[in-house]
Amino acid sequence: MRKRFSYSKLLGYIVVIFSTLVMIVPFLTTVFNSLKTYKQYMAFPPEWLPDPVRWSNYTQVWEQANFNAYTFNSVYVAILSVIGAILSSSMIAYAFARLRFPFRDTLFLIVLGTMMIPGIVTIIPQFIIFKNLGMVDSLTPLWFLEWLGQPFAIFLLRQAFLGIPAEYEEAAKLDGCNPFQIYWKIYLPMAKPAMATLAVFTFMGKWNEILSPVIYLVSEEKFTLPVGIMSLAGQFKTNDQLLVAGALISLVPILIVFLFAEKYFVEGSKTSGLK
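Everything in the sequence shown is counted per the numbering used here, starting at 155 for the first residue and increasing by one.
Okay, here's the thing in structure tokens:
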């Protein structure tokens with residue numbers, strides 16, 4: 155028996171293909187622009203494919219700019235931020251999810267309320283604090299706040315902890331585990347999807363962050379990749395294709411992190427809002 159032709163399915167395929175092209179074509183254009191000569195890059199009408207392909211653009215921008223230092227600084231800030239966000243926020247989230255103490259729900263609502271405060275409002279007070287602590291022109295302000303707990307991370311992990319059956323906690327108490335052991339040995343391992351989601355969000359946010367590094371960093375050797383790439387605009391005034399190559403280099407670590415965490419990231423995204 156022949157299946158009836160489904161116009162709705164065809165429409166769905168068309169929408170998916172169109173959406174894919176909308177996302178892929180700009181990325182491919184960026185890749186091709188990074189492989190062009192300056193003459194091809196500025197040609198009008200635009201030449202889509204590079205001819206010849208100049209892979210040397212990547213080595214040139216890496217050698218002429220201080221990309222080793224920029225990359226190290228970004229990796230340092232991103233890794234410390236991820237570790238701090240997971241540890242601090244997970245402990246706070248566990249307390250809100252499983253411990254009983256006065257005004258617990260009220261305090262949690264206050265934590266959620268801080269998510270409505272625009273980050274731009276707190277920049278000046280934070281800068282004054284870090285300046286008085288002598289941390290300006292250092293990488294410390296870029297990762298330190300993640301070790302104090304973040305509202306979204308607390309909410310995400312609290313929801314994950316609430317989704318774990320209480321029977322595990324009761325069994326652990328019968329075995330003599332204290333609250334920290336229950337948190338560390340039971341709840342953290344069972345919340346891997348949510349932690350992977352938080353790790354990806356935190357890594358991407360810190361890797362691409364540009365406002366805070368611009369405010370706190372002065373010395374070029376302490377620049378992170380986004381600020382370092384911005385500084386190349388004056389160095390390569392007539393070689394904009396090199397700036398594109400530098401931007402693509404900074405994209406590689408994010409792709410690697412997402413590919414490794416994709417399984418947990420997708421699973422965590424599905425269940426993070428469920429109890």
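The C-beta atom is built at its ideal place from N, Cα and C for all residues, glycine as well. Predicted, not measured: the structure shown is a model, and the values here were computed from it.
Exercise. What's the C-alpha gap between W333 and I264?
Worked result: With the sequence shown as reference, residue 333 is identified as Pro, and Trp is not the correct amino acid for it. Computed Cα separation, rounded: 24 Å.
Problem set entry | Straight-line gap, I271 to K190 (C-alpha atoms, nearest Å) | Near 44 Å, if we compare the C-alpha coordinates of K190 and I271.
Exercise. If we ignore side chains and look at the alpha-carbon of each, how far apart do E300 and F250 end up?
Worked result: Taking the CA atoms as reference points, E300 sits about 18 Å from F250.
Exercise. Using the C-alpha atoms, what's the distance from L175 back to Y167?
Worked result: Straight-line spacing of the CA atoms in Y167 and L175 works out to 12 Å.
Exercise. Excluding the five sequence neighbours on either side, which residues of its own chain have a C-beta within less than 7 Å of the C-beta of R252, listed in chain order?
Worked result: So the list reads F315 and E323, once near-sequence residues are dropped.
For this session: Label K163 either buried or exposed according to how many other C-beta atoms from any shown protein chain fall within 10 Å of its C-beta, with 16 as the threshold for buried.
Result: Its Cβ having fewer than 16 others within 10 Å, K163 is exposed.
For this session: Using a threshold of 8 Å, state whether the C-beta atoms of A232 and F357 are closer than that.
Result: The Cβ atoms of A232 and F357 sit closer than 8 Å to each other.
For this session: Report buried or exposed for R312, applying the criterion of at least 16 other Cβ atoms within 10 angstroms of its Cβ.
Result: With 16 or more other Cβ atoms within 10 Å, it is buried.
For this session: Pick helix, strand or coil for N222, following the three-state DSSP scheme.
Result: The DSSP-derived three-state label of N222 is helix.
Exercise. Span of the alpha helix (DSSP H) holding W361?
Worked result: W361 -> alpha helix (DSSP H) spans K346 to N362.
Problem set entry | Between the CA atoms of P319 and S188 - distance to the nearest angstrom | Spanning the two alpha carbons is a distance of roughly 51 Å.
Problem set entry | Simplified DSSP assignment, three categories, for T191 | If DSSP states are grouped into helix, strand and coil, T191 belongs with coil.
For this session: Over the uninterrupted alpha helix (DSSP H) stretch that includes Y322, give me the two end residues.
Result: Y322 -> alpha helix (DSSP H) spans A320 to L328.
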